[in-house]
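Number of protein chains: 2
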Amino acid sequence: MTKPPTIRDVARLSGVSTATVSRYFSGKTDAIAPRTIESVRQAAKVLGYTPSEIGRSLRLAQSRVVVMLVPDATNHFTADIAVSVESALKGIGLSMVLANTGENAAQQDRLLADAQGLRARAIVLQGAIDTPRLRELVAKQGNLIFANRRPAQGIVAPYVGIDNFQAGLAVGRYFIERGYENWVAIHGPRHYFGSTARLDGFIAGVGDASRVLQFESPYTMQAGYEHACRLLDLAPKKYSVFCANDMIAYGFYRAAMERNLRVPDDLVIFGFDDNRLNEWLAPWLTTVKVPALEFGPAIAKLIEMPKPGFEDGRSIILPFELKVRQSA
Amino acid sequence: MTKPPTIRDVARLSGVSTATVSRYFSGKTDAIAPRTIESVRQAAKVLGYTPSEIGRSLRLAQSRVVVMLVPDATNHFTADIAVSVESALKGIGLSMVLANTGENAAQQDRLLADAQGLRARAIVLQGAIDTPRLRELVAKQGNLIFANRRPAQGIVAPYVGIDNFQAGLAVGRYFIERGYENWVAIHGPRHYFGSTARLDGFIAGVGDASRVLQFESPYTMQAGYEHACRLLDLAPKKYSVFCANDMIAYGFYRAAMERNLRVPDDLVIFGFDDNRLNEWLAPWLTTVKVPALEFGPAIAKLIEMPKPGFEDGRSIILPFELKVRQSA
DNA sequence: AATGAGGATGTAATCGTTAACATCAGATGC
DNA sequence: GCATCTGATGTTAACGATTACATCCTCATT
């Protein structure tokens with residue numbers, strides 16, 4: 123209704139200068155007389171004053187906002203990472219803005235511009251698409267952090283996440299070790315950095331690219347379902363399928379169920395991420411566990427690091443784990 | 123690295139005043155000569171200039187940020203609403219900040235203060251907890267919007283969502299119609315406004331409160347699971363269970379599976395929300411469909427509405443739908 | 001009593017943008 | 001030729017906070 127009280131209103135009411143009020147709200151209380159502190163506190167309370175983050179940001183040329191760009195906020199794994207980051211950031215006094223790129227390069231670039239406009243303290247990208255604008259921003263701002271997928275060749279910026287190649291490798295080796303046949307890899311979109319790292323690792327693991335059926339796929343249940351339908355109807359076999367994430371695996375599984383196929387007797391399915399739904403809704407899914415909740419602290423640490431930390435592209439590699447369950 | 127260019131830098135480079143540059147970036151281009159437009163455009167591009175949202179917000183005493191407070195961002199239904207709102211807001215030039223209250227009153231109040239500090243254009247609450255601070259804010263700022271759960275008695279603010287009482291009523295009537303017995307209601311926490319509206323509706327629907335076993339529960343799978351274990355072990359019966367949301371229903375179902383109970387022969391389960399996972403992972407779940415994707419446009423409309431819209435607590439009631447599947 | 005130290009507080013410039021108002025050049029009307 | 005108008009652009013005072021620097025006061029010291 124009425125516009126919010128400013129530092130000046132508080133100063134006037136408590137009979138001090140704006141400088142003193144500012145000191146009070148920036149925690150420099152040991153330089154203020156106790157009586158003054160009390161009177162400022164009172165006045166602020168009476169007026170219902172909250173310092174304007176905007177005024178402060180302008181003055182300090184530094185906002186407390188961190189922008190997180192995600193390809194799909196309804197992906198449970200993505201959401202887990204976002205929650206973890208948000209809560210870690212709050213711990214160091216920062217807010218998180220979440221925005222969806224919808225796996226769309228133009229949309230991503232628009233959002234990057236927005237983030238720049240907000241003078242974001244940092245920009246965290248879960249699944250970035252390689253565009254000129256992105257490269258420009260990395261070079262000029264140097265406050266971008268790549269989460270879960272490494273930046274493309276030639277982009278120097280810190281990365282937080284597992285080693286996707288090694289994870290793919292581990293799955294591939296597991297396939298060999300167990301003697302699985304009819305390998306299928308449903309991998310993520312090629313425009314995502316590191317989306318293919320998993321695939322490359324997997325191929326290195328099984329040791330023979332020519333025997334791997336490869337499909338490029340969006341990271342959705344729908345896509346997994348469709349790939350499965352095509353595959354299972356055209357050339358039914360006992361496939362061993364490595365899916366780029368759990369969503370794709372869910373979709374694949376559903377198609378298999380509809381055809382009365384059983385895991386692991388008629389079909390082997392591997393997912394990736396081990397999002398928290400698995401425990402409840404897909405306790406059958408063998409997958410690679412990525413520690414979603416460790417992203418927040420790692421990213422917070424990176425942001426608090428003095429600038430040089432960004433510039434030399436320091437990264438934090440998290441551990442992964444093969445989670446073997448019924449489907450393999 | 124280097125600090126970002128300002129409007130002054132652009133003005134200097136293109137040889138015009140800051141006012142002209144400002145006009146260009148606020149879209150008042152029809153008052154500028156075409157040649158000037160071009161030179162400003164060029165200069166901005168060369169410098170990589172993006173207007174500072176902070177400077178603009180300060181000057182306009184109005185930010186373009188909308189804060190959304192959610193009790194649990196990893197709940198898929200919540201995430202769907204958030205995505206819908208975010209995308210609708212982007213359509214009208216606003217950004218969304220997402221924050222988790224973690225179902226915690228103190229945390230909610232802290233976040234409300236943060237939102238106030240950001241001078242948020244609006245604050246959207248998915249599941250608000252009734253606190254003095256909340257009431258104060260509603261009265262003083264008048265820019266709060268309640269989503270999915272109505273505000274408590276005495277709080278006048280717009281609401282977007284279904285009529286929870288009517289939905290509960292429909293479920294209760296369906297129970298009667300189908301002749302279900304052994305009614306159980308696992309309802310949400312009492313401190314959520316409207317959490318009990320569903321329960322009250324349900325009781326009105328079945329018509330006899332004394333025959334309804336009631337449990338208060340957090341909105342989690344874990345909680346649903348635990349309630350189910352206790353109930354099914356202590357006094358096994360063919361229960362007909364109305365869960366406060368789908369998560370609770372998932373947990374309940376898992377416990378039932380572990381005991382080799384089948385739906386609907388040994389057990390009837392109703393969920394609530396019909397989040398998008400159901401289609402893929404829980405195609406058996408009977409539930410009340412709440413149109414998550416309609417929240418965004420509705421909320422955007424409310425925010426664009428001139429102030430009086432807020433003040434008289436105008437609301438948008440969305441339709442719901444009983445989605446009967448295998449579990450009932 | 002004069003000096004100085006040091007603690008508490010005030011003054012004022014500044015951050016990047018917008019917009020009301022001022023200015024100015026050229027076109028128009030008489 | 002002068003007044004007037006119009007369209008393009010410039011000048012400048014905000015917006016709300018922070019902070020370097022200045023000031024003032026009180027004591028302690030000599």
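Same order as they appear, the protein sequences are chains S and B. Take 123 as the starting number for the first sequence in this note's numbering and just add one per residue. Take 123 as the starting number for the second sequence in this note's numbering and just add one per residue. Glycine residues also receive a C-beta, built at the ideal position from the N, C-alpha and C atoms. Note that the structure is a prediction, hence the values are computed from the model and not measured.
Could you tell me the boundaries of the beta strand (DSSP E) in which Val138 (chain B) lies?
-> For Val138 (chain B), there is no enclosing beta strand (DSSP E), as DSSP marks it with neither H nor E.
Nearest-angstrom Cα distance between Thr128 (chain S) and Pro173 (chain S)?
-> 7 angstroms
Exposed or buried, what is Val278 (chain B) when buried is set at 16 or more other beta-carbons lying within 10 Å of its beta-carbon?
-> exposed
Is the CB of Ala228 (chain B) under 9 angstroms away from at least one CB in chain S?
-> no
Identify whether Met411 (chain S) lies in helix, strand or coil by the three-state DSSP scheme.
-> Looking at the sequence itself, residue 411 (chain S) is Lys, so the reference to Met does not match. Residue state, collapsed to three classes: strand.
Out of B:Tyr146, B:Tyr171, B:Leu169 and B:Gly170, which has the shortest C-alpha to C-alpha gap to Glu160 (chain B)?
-> B:Tyr146
Hey, which unbroken runs of the beta strand (DSSP E) at 3 residues or more fall wholly within the segment 348 to 378 of chain S?
-> DSSP runs (the beta strand (DSSP E)) wholly in the segment 348 to 378 of chain S: 362 to 365.
Which residues mark the beginning and the end of the alpha helix (DSSP H) in which Trp402 (chain B) is found?
-> Leu399 to Leu403
Express the C-alpha separation of Asp231 (chain S) and Arg438 (chain S) in angstroms, rounding to a whole number.
-> Rather than Arg, the amino acid found at residue 438 (chain S) in this sequence is Ile. About 25 angstroms.
Met427 (chain B) in three-state terms, based on DSSP = coil
With DSSP as the reference, please indicate the residues paired to Gln248 (chain B) in a beta bridge.
-> B:Ala269
Inter-residue spacing [alpha-carbon to alpha-carbon] between Ala227 (chain B) and Arg436 (chain B) | Answer to the nearest angstrom: the Cα atoms are 26 angstroms apart.
Run the CB neighbour count on Leu335 (chain B), radius 10 Å, all protein chains shown included, and call it buried at 16 or more, exposed below.
-> exposed
Apply the 10 Å Cβ neighbour rule to Ala153 (chain S) and answer buried if 16 or more other Cβ atoms are within range, or exposed otherwise.
-> exposed
In chain order, what residues of the same chain lie with their CB nearer than 7 angstroms to the CB of Val446 (chain B), ignoring the 5 residues before and after it?
-> Thr408
9 angstroms Cβ cutoff met for Phe337 (chain B) and Arg271 (chain B) = no
Determine, using beta carbons only, whether Gln263 (chain B) comes closer than 9 angstroms to chain S.
-> yes
Inter-residue spacing [alpha-carbon to alpha-carbon] between Ala307 (chain B) and Tyr372 (chain S) | Per the coordinates, the alpha-carbon of Ala307 (chain B) lies some 30 angstroms from the alpha-carbon of Tyr372 (chain S).
How should Arg130 (chain S) be labelled, buried or exposed, when 16 other C-beta atoms within 10 angstroms of its C-beta is the threshold for buried?
-> exposed
Distance between beta carbons of Leu211 (chain S) and Ala422 (chain S), contact taken as under 8 angstroms | 6 angstroms
From the DSSP output, which residues share a beta bridge with Lys445 (chain S)?
-> Answer is S:Thr409, bridged to Lys445 (chain S).
Is it right to say Asp368 (chain B) is buried, meaning 16 or more other beta carbons lie within 10 angstroms of its own, or is it exposed?
-> buried
Rounded separation between Ala274 (chain S) and Gly283 (chain S) - CA only | One C-alpha to the other measures close to 14 angstroms.
What do you get for Thr451 (chain S), buried or exposed, if any count of 16 or more other CB atoms within 10 angstroms of its CB means buried?
-> Since the displayed chain S opens at 123 and closes at 450, residue 451 (chain S) lies outside it and no answer follows.
Relative to the alpha-carbon of Val188 (chain B), which residue among B:Ala195, B:Asn265 and B:Thr200 has its alpha-carbon at the smallest distance?
-> B:Asn265
Let me know the secondary structure DSSP gives Ile308 (chain B) once reduced to three states.
-> strand
Under the three-state reduction of DSSP, which class applies to Ile154 (chain S): helix, strand or coil?
-> coil
Cβ separation of Phe287 (chain B) and Gly323 (chain B), assumed to be a contact under 8 angstroms, to the nearest whole Å | Correct: roughly 4 angstroms between the Cβ atoms.
Along the chain, which unbroken stretches of the beta strand (DSSP E) at least 3 residues long are found entirely within the segment 185 to 221 of chain B?
-> 187 to 192
Residues sharing a beta bridge with Ile421 (chain S), DSSP | Partner(s): none; Ile421 (chain S) has no beta bridge.
Out of B:Asp202, B:Val192 and B:Arg163, state which residue places its alpha-carbon closest to the alpha-carbon of Ser209 (chain S).
-> B:Val192
Residues of its chain near Leu259 (chain S), where Cβ-Cβ distance is below 8 angstroms and the 5 sequence neighbours each way are ignored | Scanning its chain for C-beta atoms nearer than 8 angstroms, with the 5 sequence neighbours on each side dropped, one finds around Leu259 (chain S) the residues Leu234, Gln238, Ile245 and Leu266, in chain order.
Can you find a C-beta in chain S that's less than 9 angstroms from the C-beta of Val132 (chain B)?
-> no
Val328 (chain B) (DSSP reduced to helix, strand or coil) | helix
Between B:Val410, B:Gln263 and B:Trp305, which lies nearest to Val390 (chain B) when the distance is taken from Cα to Cα?
-> The residue with the shortest Cα to Cα distance from Val390 (chain B) is B:Trp305.
Name the two residues that bound the continuous beta strand (DSSP E) containing Gly283 (chain S).
-> Tyr281 to Gly283
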